[in-house]
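Here's the structure we're looking at; comments come further down.
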Amino acid sequence: MDSADLNVLRSVLEWRRDGKRVVLFSVVQTWGTAPRAPGAMLALREDGVVIGSVSGGCVEDDLIARLHDGRIPANGPPVQLITYGVTQEEAARFGLPCGGTLRLTEERVGDPAWVAELLDRCEAHEIVARELNIRTGEVMLRPAGKTDVLSFDGQTLRAIYGPRWRLLLIGAGQLSRYVAEMARLLDFEVLICDPRTEFVYGWEEQHGRFVPGMPDEAVLNIQTDERTAIVALTHDPRLDDMALLTALDSKAFYVGALGSRVNSIKRRENLAELGLSEAAIARLHGPIGLHIGSHSPAEIALSLLAEIVAIKNGVELKQKKTVESV
1 MDSADLNVLR SVLEWRRDGK RVVLFSVVQT WGTAPRAPGA MLALREDGVV
51 IGSVSGGCVE DDLIARLHDG RIPANGPPVQ LITYGVTQEE AARFGLPCGG
101 TLRLTEERVG DPAWVAELLD RCEAHEIVAR ELNIRTGEVM LRPAGKTDVL
151 SFDGQTLRAI YGPRWRLLLI GAGQLSRYVA EMARLLDFEV LICDPRTEFV
201 YGWEEQHGRF VPGMPDEAVL NIQTDERTAI VALTHDPRLD DMALLTALDS
251 KAFYVGALGS RVNSIKRREN LAELGLSEAA IARLHGPIGL HIGSHSPAEI
301 ALSLLAEIVA IKNGVELKQK KTVESV
């Protein structure tokens, strides 16, 4: 779940605890070229304040108008289904591209206990399915797996929520600053570990959260899971290899280390001598990143994150870096 969805749910929880009426809209189905994918959310407070987006700006004004013109009565059904873009004329009126159509649930949020529990479970890095009964408005939270996807059968909306994707950087040097900044724009939670106190200066809290301890301890302490990427960037094998020994045996979906082709080959040999299995060593990305002719720290960061995002999104990499990085 990205930070935008988290912010929607946090606002819903805050508003309901303050006694405000809240309507939660969720995209459940799309046809054609719809602006937002199923699962996108928008929360509407009783005074018209909104957070989130279900159409990238196409239908949000009409959702607010529904509140003010009485189409969302306080004593109405707990959940309604509304559709935009059924006709070409309506699609054009609401600005839906290419005649796209989207169906939303319009859900009056009652007891916000499920919101608090969902946020807590996502914070604990669980993947959770929220099942919404369209007829009664009842919400059930159930465990889900990483391959589960949103589904809607006309009676029950089953939406999948999970923790944000995380990126653990081993090393707080110049390159890590570029990687952290770009990763934040891509909605990764950024974690940094560097026991060398000389490199900590100048890092602001918003750039990432420092994990104390040595690199191998950091990999264990963050409870590395399938939504975690780990990259060693110190150029010091005493620190990088310490992290890699633990990371390559973890559930991290990406493990990489900065270095040239020659250094990467030597690193693999060292890891084998330290007892790491061939299967674990084969998971190591090194040299890191896609080949874009990168030279500057910013270009290397872009190359690295392009590779990480491609793997996160399940894209087959048809080309891999074949030249030395740095």
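Going left to right, the sequence shown walks through residues 1 to 326 as full-length UniProt numbering numbers them. Note that beta-carbon positions come from the ideal geometry of N, C-alpha and C, so glycine has one too.
Return yes when the Cβ of residue j is within less than 8 Å of the Cβ of residue i, no when it is not.
i: V211; j: C193; result: yes
i: L245; j: L271; result: yes
i: E107; j: L132; result: yes
i: V8; j: I51; result: yes
i: G259; j: P297; result: no
i: residue 357; j: V128; result: Any answer about residue 357 is impossible in this case: the structure gives the chain only from 1 up to 326.
i: V231; j: I170; result: yes
i: S176; j: L233; result: yes
i: L168; j: L191; result: yes
i: M214; j: P195; result: yes
i: P112; j: R16; result: yes
i: M41; j: D18; result: no
i: L141; j: G39; result: no
i: L44; j: V28; result: no
i: R66; j: T83; result: no
i: R10; j: L118; result: no
Taking all protein chains shown into account, decide if residue i is buried (16 or more other Cβ within 10 angstroms of its Cβ) or exposed.
i: G314; result: exposed
i: N75; result: exposed
i: P73; result: exposed
i: L317; result: exposed
i: S277; result: exposed
i: T30; result: buried
i: I222; result: buried
i: A282; result: exposed
i: G154; result: exposed
i: T228; result: buried
i: T105; result: buried
i: G202; result: exposed
i: G85; result: buried
i: T322; result: With a pLDDT of 39 at T322, under the threshold of 50, the predicted position of this residue should be treated as unreliable, and no value is reported.
i: V139; result: buried
i: V54; result: buried
Quick check on residue i: does DSSP put it in helix, strand or coil?
i: E205; result: helix
i: E60; result: helix
i: I160; result: strand
i: V323; result: Any reading at V323 must be qualified, since the residue scores a pLDDT of 37, below 50, and its modelled position is unreliable; no value is offered.
i: H285; result: strand
i: residue 385; result: This structure does not reach residue 385, given that the chain is present from 1 up to 326, and the question cannot be answered.
i: S296; result: coil
i: I308; result: helix
i: R16; result: helix
i: A74; result: coil
i: S3; result: helix
i: T147; result: coil
i: L271; result: helix
i: S253; result: Per the sequence presented here, residue 253 reads as Phe, with Ser not at that position. In the structure shown, F253 sits in coil (DSSP, three-state: anything other than H, G, I, E or B).
i: W165; result: coil
i: V190; result: strand
Can you list, in chain order, the residues of its chain with a C-beta nearer than 8 Å to that of residue i? Leave out the 5 residues immediately preceding and following it.
i: D216; result: M242, A243, L245, T246
i: A116; result: L13
i: A306; result: G289, L290, I292
i: R267; result: P237, D240, D241, L244, A257, G259, L284, G286
i: F199; result: G171, A172, G173
i: A310; result: L290, L317
i: E123; result: P163
Go through its chain and collect everything with a Cβ distance to residue i's Cβ below 7 Å, but skip five positions before and after it.
i: K312; result: W165, F253
i: A144; result: I127, V128, A129, I160
i: S3; result: R164, D187
i: H68; result: G48
So the candidates are the options; which of them puts its Cα closest to the Cα of residue i?
i: I64; options: V79, P78, F25; result: F25
i: E226; options: D249, R209, R238; result: D249
i: C58; options: R261, T101, L119; result: T101
i: G70; options: G275, D47, A310, Y84; result: D47
i: A280; options: F152, K251, D61, G202; result: K251
i: V255; options: I308, E269, D62; result: I308
Quick one: residues in its chain with C-beta nearer than 6 Å to the C-beta of residue i, no 5 flanking neighbours on either side, listed in chain order?
i: L239; result: P215
i: H125; result: P163, D225
i: G137; result: P78, V79
i: S264; result: G286, P287
i: H207; result: A180
i: R209; result: L191
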